[in-house]
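Per our numbering, the sequence shown starts with residue 3, numbered consecutively.
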Amino acid sequence: MHASISNVICVSAGIRQLTSDQIQMLRAFIQKRVMNPDDVDDILQCTFLEALRSEHKFQGTSKPQTWLCGIALNLIRNHFRRLYKQPYQESWDDHLHSEIEQGGDIGHQVDGHRQLERVVDAIDRLPINMQRVIKVSLEMDGNYQETASSLGVPIGTVRSRLSRAREQLKRQVETVA
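So, in structure tokens, the structure goes:
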């Protein structure tokens with residue numbers, strides 16, 4: 003019992019006594035995965051709030067900085083899950099009109115839009131495990147090792163699923179075209 007109390011005190015003191023370099027390292031960790039600076043700041047703040055709220059769960063088996071990176075990674079995943087569920091804000095018509103006004107080729111743009119719709123539909127028809135590896139790979143900026151770690155699978159499984167997904171997508175999109 004005393005060990006768990008000392009762990010809580012240790013992480014609480016550890017979080018509250020982070021140096022500016024350690025905070026910048028955590029910010030860089032988040033920034034590597036999230037491009038929007040406002041989202042980086044939000045996730046950084048949420049990381050500290052969640053750490054303080056969950057400090058009783060800290061087991062002391064890792065450094066507080068490592069624990070914070072784990073919290074940040076979970077928040078980043080949640081951030082991207084929410085983004086995937088939100089519809090894109092700009093309508094196709096708005097984009098199309100702005101391109102036409104700038105002298106764009108309407109036929110080319112319509113073909114591009116149709117191709118994009120075919121790809122999105124094809125991704126939706128992939129097996130769930132392939133959809134998941136594509137989404138996580140995108141979240142991890144295409145880093146196979148981080149994708150494998152995030153999914154809890156070997157890196158070879160990530161490579162295999164992505165390769166099979168690419169082949170299926172090519173076949174599906176080509177047959178529709």
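Heads up, the beta-carbon is just placed ideally off N, CA and C, and yes, glycines get one too.
- Just measuring C-alpha positions, the residue of L46, V175, L51 sitting nearest R127 is V175.
- The three-state secondary structure of S56, taken from DSSP, is coil.
- Assignment of V155 by DSSP, reduced to helix, strand and coil, places it in the coil class.
- Here the alpha carbons of R55 and Q147 stand approximately 30 Å from one another.
- Nearest C-alpha to F82 among Q24, V42, A124: V42.
- In the structure shown, the three-state DSSP call for M27 is helix.
- Taking the Cα of A124 as reference, the smallest distance to any Cα among N80, I78, C48, K172 is reached at K172.
- For the pair I32 and A53, the CB atoms are not nearer than the 8 Å cut-off.
- When C-beta atoms of the stretch 133-153 are compared with those of the stretch 113-123, fewer than three pairs fall below 8 Å, so the two segments do not count as touching.
- Contact check for L28 and L85: beta-carbon distance about 21 Å, past the 8 Å limit, so the pair fails to qualify.
- For the set I130, G154, D143, the Cα lying nearest the Cα of R166 is the one of I130.
- The beta carbon of P156 sits closer than 8 Å to those of A150, all from its chain and outside the five residues before and after it, given in chain order.
- With respect to E169, R79 sits apart: the two C-beta atoms are not nearer than 8 Å.
- Around the C-beta of S22, fewer than 16 other C-beta atoms lie within 10 Å, and the residue is accordingly described as exposed.
- In this structure, T49 sits near L77, with a CB-CB distance shorter than 8 Å.
- Assigned with DSSP and collapsed to three states, T177 falls in helix.
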